[in-house]
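According to the working numbering, the sequence shown is numbered sequentially starting from 4. Report on one structure; see the data block that follows.
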Amino acid sequence: MPDRIFMPLMGLIALALIAFSLVWPQGQGDRSWGPFGHTPVQQTPEMKAKIKREQEAAARRDAAARKAIEAAGQPPPVLEEPAPASPSQTSPSQAAPNQVPQ
Numbered sequence: 004m005p006d007r008i009f010m011p012l013m014g015l016i017a018l019a020l021i022a023f024s025l026v027w028p029q030g031q032g033d034r035s036w037g038p039f040g041h042t043p044v045q046q047t048p049e050m051k052a053k054i055k056r057e058q059e060a061a062a063r064r065d066a067a068a069r070k071a072i073e074a075a076g077q078p079p080p081v082l083e084e085p086a087p088a089s090p091s092q093t094s095p096s097q098a099a100p101n102q103v104p105q
């Protein structure tokens, strides 16, 4: 294909993609400016209320589970973050490039 046809065609495609990106529906992030976009689903009052209800229900279930465990006479589980793996515990593919696998 001659450059006289190819380059303007690529320019038009690039401009079309830029225009398309301006009106493409955004995900659940911030709202687009101006006439584009809409309020993200998670920022609507209905969804905020639903998320709050779900968090409160999860907290109630967690409290009920802890109460049931304590009633059974067992100590509640302690949730700790896992310690970072030491270099000897990593697999050879995870080891730094300058380290020799053992």
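All C-beta atoms, glycine included, are put in the ideal place defined by N, C-alpha and C.
Nearest to residue i by CA position, among the options, is which residue?
i          : options        : result
residue 82 : 58, 75, 52, 65 : 65
Span of the alpha helix (DSSP H) holding residue i?
i          : result
residue 71 : 48-74
residue 26 : 6-26
Whole angstroms is fine: what's the gap from residue i's alpha carbon to residue j's?
i          : j          : result
residue 25 : residue 11 : 21 Å
residue 69 : residue 56 : 20 Å
residue 67 : residue 75 : 12 Å
residue 18 : residue 8  : 16 Å
residue 73 : residue 54 : 29 Å
residue 61 : residue 13 : 53 Å
residue 20 : residue 63 : 48 Å
residue 58 : residue 51 : 11 Å
residue 43 : residue 49 : 12 Å
Is residue i close to the ligand ZN? I mean its beta-carbon at under 6 Å from any heavy atom of the ligand.
i          : result
residue 43 : The ligand ZN is not among the ligands present in this structure, which contains no ligands whatsoever.
With 7 Å set as the bound, which would you pick, yes or no: does the beta-carbon of residue i sit closer than that to a beta-carbon of chain C?
i         : result
residue 6 : No chain C is present in this structure, which holds just one protein chain.
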